[in-house]
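Enquirer: Below: one structure in structure tokens.
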Amino acid sequence: MEKNRSLKYKFRQIKKLPDWLFAPAAWLMFFFKFCMRTEVIDHSGELATKTPPAVTVTWHNRLLFFPVMFTKWYRTHTMAVISASRDGQYIADLVRQMGIESLRGSSSRKGYNALHGAVKAIQSGKYVSFTPDGPRGPRYHMSTGPIYLASQLGVPIIPIAVNYSSYWSLKSWDGFQIPKPWAKVTLLLGEKIHIPRELNEAELEEYRLLVQKKLNEISNVAE
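Numbered by the working numbering, the letters in the sequence shown go through residues 12 to 234 in order.
Here it is as structure tokens:
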């Protein structure tokens, strides 16, 4: 028992694993996608027009199939805001294998670095992808970061959901969802939400609630 605890402790101290370890996991995700039924519903029109920059928001517990549901062009034109934690590093290394670069930071750690990187990414014509209830919740609660960024730079927000017809839910703060074998995976892009420039505090909260409501609607989450 003591040895097991020691091994676990040593593993938790590893901040960065070799990149080659993540390649098989990425290949496996693409393999699983082609073994499952998939559907794409695009109310935003973005998949047909390819008109970045834009800010996208997706709930934390729907991330498992999020990268592989997009074509290579969208993955290589997306910057994902990912937690600066050790677990965030693992996620960043995995999605890099799929062609998605990351901006490291969150509301709790290195938030300024992530915001600065997001501004540069938007200015260079990229999509910036947020999980606005991560990395610690509360679940399905929209943070103000995406709304503030969209308002300052004059770009729309696109709510995106990845829904499963059947899934397991982990006992984590977000109830992370893992689709069951043969489940249908649906990528759903909601209508673009245009955020006015230079919002005051009350208006920022108004649009935060609006984006949260729209994302919950397409994610089949009851408020």
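Ideal placement from N, C-alpha and C gives every residue a C-beta, glycine not left out.
Taking only the alpha-carbon atoms, compute the straight-line gap between Ala37 and Arg208 and give it to the nearest angstrom.
Expert: Spanning the two alpha carbons is a distance of roughly 39 angstroms.
Enquirer: Sort out for me which residues DSSP pairs Val68 with in a bridge.
Expert: For Val68, which the question treats as bridged, DSSP gives the partners Phe141 and Pro170.
Enquirer: Could I get the ranges of all uninterrupted beta strand (DSSP E) runs contained in the region 31–69, with 3 residues as the minimum, in chain order?
Expert: Segments of the beta strand (DSSP E) lying fully in the region 31–69: 48–53 and 65–68.
Enquirer: Given a threshold of 16 other Cβ atoms within 10 Å of its Cβ, counted over all protein chains shown, does Glu57 qualify as buried or as exposed?
Expert: Under this definition Glu57 is a buried residue.
Enquirer: Hey, could you find the ends of the beta strand (DSSP E) Val222 is sitting in?
Expert: Element bounds for Val222: not the beta strand (DSSP E) but the alpha helix (DSSP H), Glu212 to Ile229.
Enquirer: Considering only residues of the same chain and omitting the five flanking positions on each side of Lys225, which have a CB-CB separation below 7 angstroms?
Expert: Answer for Lys225: Pro170, Gly201 and Ile204, listed in chain order.
Enquirer: Which stretch, first to last residue, makes up the beta strand (DSSP E) that contains Gln100?
Expert: Where Gln100 is concerned, there is no enclosing beta strand (DSSP E), although the alpha helix (DSSP H) it sits in stretches over Arg97 to Arg107.
Enquirer: Using the C-alpha atoms, what's the distance from Tyr159 back to Ile189?
Expert: Answer to the nearest angstrom: the Cα atoms are 31 angstroms apart.
Enquirer: Using the beta-carbon count (16 or more within 10 Å), is Phe141 buried or exposed?
Expert: Looking at its Cβ environment, which holds 16 or more other Cβ atoms inside 10 Å, Phe141 is buried.
Enquirer: On the three-state DSSP scale, how would you describe Arg115?
Expert: Residue state, collapsed to three classes: strand.
Enquirer: Please report the residue range of the beta strand (DSSP E) in which Lys195 lies.
Expert: First-last of the beta strand (DSSP E) with Lys195: Lys195 to Leu200.
Enquirer: Assign Gln223 to buried or exposed, taking buried as 16 or more other Cβ atoms, counted over all protein chains shown, within 10 Å of its Cβ.
Expert: Per the 10 Å Cβ criterion, buried.
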